[in-house]
Amino acid sequence: MSPGTSPLRLVGANALLWAAAAGGLSIAAPGVDTLPRLLVFSECVGAVMLAVALLMRRLPRLTRLRPAQTWALTAALAIPLGYIGGHALALLFLGEPFRLTGTGAARLAPVVVHLLVGGIGLHYLAAREQLAQEARARAEAQRLATETELRLLRAQLEPHMLFNTLANLRALLREDAGQAEHMIDQLIAYLRATLAASRHEASTLEAEFAQLRAYLEIMALRMGPRLSYTLELPPELAATPLPAMLLQPLVENAIKHGLEPKVGPGRLTVQAHLDGAHIEITVRDDGLGLGADGQFQRPLDGPASSYGLQHVRERLRAAYGPPATLTLSPLQPQGLCSRVRIPS
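For what it's worth, full-length UniProt numbering labels the leading residue of the sequence shown as 1, then goes sequentially.
What follows is the structure, given as structure tokens:
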């Protein structure tokens, strides 16, 4: 069976194909047998042929051959074995003595039909396997491209954040040595977490929240009373796997576009909770929020106005597929809520 093919769907398609073969045989050669008996023989032949083909596809030696050679060898064995084994199985089911064919048209017509239908069935399997291989290759290429974009995004974000922090740290050393020491500790924690994330594609909610805490603590020292934050992660969700640095762009977006331009104090809350079959992670801020056109309030497969947000969407799609979503919506009286939903 080709990877990615549902077993029930494959068996169902095979049963329909051989039922059509029995119907066609009863019309083309009405004197061969009754339709119910033809159905029994055709379904048994199709089932045995499919089983032989699937077993052969699991042989390690066949994987070393070219696809055309592999399927030629599979057809050369699966079709005759399926025909003989299927007839034996049908006769056993009907309680009749073993025989392969009758005489005259009763001998030739079933052989020709089963050869043709067996070839069609194996061609279907080969086409499904080729499509599955191409889909896997595309998914792997998309994953590699997404991870490459992640590294480029880190390369863009980290120096900018690092230089600004060091500039603030230099000024803070003259004013408050204790606060400067605290900022250094948080910067070390943030860089350590970022380095760990750069070496692994997957992380956990606990690690992501720890990195966000270090980052937000640095930003709180830089912005002073203009920024306060809350991180809420239930203990039962701490070990939940998550793509590394998935939440970082959402938090940076909230600060850069919402809280830093705002006059006066602002608050940011990152919260994770279980919502049925999904885990929901929200990033809320009371900053400037959406523009008048609501340009950020878009579904996962929609265009994005921010590279960071588009990057989050692409990583969600690559990691979870359609069940994962990222939506952005305005808060009242002002602010923005970024909501990530992933399967639990």
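We treat Cβ as the ideally placed atom computed from N, Cα and C, and that holds for glycine.
So the candidates are V112, L166, V340 and Q69; which of them puts its Cα closest to the Cα of I218? Position 218 of the sequence shown, counting from 1, holds the residue named residue 218. When each option's Cα is compared against that of I218, the closest is L166.
Would DSSP call R58 helix, strand or coil? Taking the first residue of the sequence shown as position 1, residue 58 is located at position 58. DSSP places R58 in coil when its eight states are reduced to three.
Answer yes or no: do L231 and V283 have a C-beta to C-beta separation smaller than 8 Å? As a first step, residue 231 must be located in the sequence shown, where it is residue number 231. As a first step, residue 283 must be located in the sequence shown, where it is residue number 283. No, the Cβ-Cβ distance between L231 and V283 is not below 8 Å.
Distance, A139 Cα to L116 Cα: On the sequence shown, residue 116 is found 116 positions in, with the first residue counted as 1. On the sequence shown, residue 139 is found 139 positions in, with the first residue counted as 1. Looking at the two C-alpha atoms, the distance is approximately 35 Å.
Around the Cβ of D301, are there at least 16 other Cβ atoms within 10 angstroms (buried) or fewer (exposed)? The residue you call residue 301 lines up with position 301 of the sequence shown. Residue confidence is low: D301 scores 39 on pLDDT, short of 50, so the model does not pin down where it sits. No coordinate-derived value is stated.
Looking at C-alpha atoms only, which residue of V251, Q248, I255 and L10 is the closest neighbour of L122? Residue numbering aside, residue 122 sits at position 122 when the sequence shown is read from its first letter. Scanning V251, Q248, I255 and L10 for the CA closest to the CA of L122 turns up L10.
Beta-carbon proximity check, A239 vs E206, cutoff 8 Å: One-based indexing of the sequence shown puts residue 239 at position 239. One-based indexing of the sequence shown puts residue 206 at position 206. Taking 8 Å as the Cβ cut-off, A239 and E206 qualify as a contacting pair.
How many Å lie between residue 352 and P343 at the Cα? Since the first residue shown for the chain is 1 and the last is 344, residue 352 is missing from the structure and cannot be characterised.
Report yes or no: do the region 23-38 and the region 55-70 share at least 3 C-beta pairs separated by less than 8 Å? no
With a threshold of 6 Å on Cβ separation, who are the neighbours of A254 within its own chain once the five nearest residues in sequence on each side are excluded? Position 254 of the sequence shown holds residue 254. These residues qualify, in order along the chain: L268, V283 and D285.
Of the residues R37, T34 and L50, the one placed nearest A13, counting alpha carbons only: On the sequence shown, residue 13 is found 13 positions in, with the first residue counted as 1. Answer by Cα proximity: L50.
Tell me the start and end of each unbroken beta strand (DSSP E) in the region 212-237 that is at least 3 residues and wholly inside, in chain order. 227-232
Could you give the first and the last residue of the continuous alpha helix (DSSP H) run that contains P7? Translated into the one-based positions of the sequence shown, residue 7 becomes position 7. First-last of the alpha helix (DSSP H) with P7: P7 to A28.
Short of 8 Å in beta carbon distance, which residues of its chain neighbour residue 415, apart from the five on each side in sequence? Order them along the chain. It is not possible to answer for residue 415, since the shown part of the chain is limited to 1 through 344.
How big is the Cα-Cα spacing for L16 and A72? The residue given as residue 16 occupies position 16 in the sequence shown. The residue given as residue 72 occupies position 72 in the sequence shown. Looking at the two C-alpha atoms, the distance is approximately 24 Å.
By how many angstroms is the C-alpha of N164 removed from the C-alpha of Q179? Against the sequence shown, residue 179 aligns to sequence position 179. Against the sequence shown, residue 164 aligns to sequence position 164. Spanning the two alpha carbons is a distance of roughly 16 Å.
What distance in whole Å lies between the Cβ atoms of V113 and A21, which are believed to be in contact at a cut-off of 8 Å? Position 21 of the sequence shown, counted from the start, is the residue given in the question as residue 21. Position 113 of the sequence shown, counted from the start, is the residue given in the question as residue 113. So it is a contact: roughly 6 Å between Cβ atoms.
Can you give me the start and stop residues for the beta strand (DSSP E) that A272 sits inside? One-based indexing of the sequence shown puts residue 272 at position 272. A272 -> beta strand (DSSP E) spans G266 to D275.
Could you tell me if T194 is buried or exposed, where buried requires 16 or more neighbouring beta carbons within 10 angstroms of its beta carbon? Numbered from its first residue, the sequence shown carries residue 194 at position 194. It is buried - the Cβ of T194 has at least 16 other Cβ atoms within 10 Å.
Take G95 and list the residues in its own chain whose beta-carbon comes closer than 6 Å to its own, dropping the five residues that flank it on each side. Looking up residue 95 in the sequence shown gives position 95. Closer than 6 Å at the Cβ level, and outside the excluded window around G95, lies no residue.
Excluding five sequence neighbours on each side, which residues of the same chain lie with their C-beta closer than 6 Å to the C-beta of F209? By one-based count along the sequence shown, residue 209 stands at place 209. Shown here for F209: same chain residues with a beta carbon closer than 6 Å to its own, the five before and five after excluded, namely L231 and L233 in chain order.
Would you identify the three-state DSSP class for V251, choosing helix, strand or coil? The sequence position of residue 251 within the sequence shown is 251, counting from 1. Here V251 sits in helix by DSSP.
Span separating the alpha-carbon of L89 from that of A68: Within the sequence shown, the letter at position 89 stands for residue 89. Within the sequence shown, the letter at position 68 stands for residue 68. If I take the Cα positions, the gap works out to 30 Å.
With a CB to CB cut of under 8 Å and the five nearest residues on each side skipped, what residues in its chain are close to P97? Along the sequence shown, one-based indexing puts residue 97 at 97. Correct list, in chain order: L91.
For S228 and A318, I'd like the C-alpha separation in whole angstroms. As a first step, residue 228 is located in the sequence shown; it is residue number 228 there, counting from the start. As a first step, residue 318 is located in the sequence shown; it is residue number 318 there, counting from the start. Going from the Cα of S228 to the Cα of A318 covers about 33 Å.
Run through DSSP, which three-state label would D33 get? Working through the sequence shown from its first residue, we reach residue 33 at position 33. D33 falls in the coil class under three-state DSSP.
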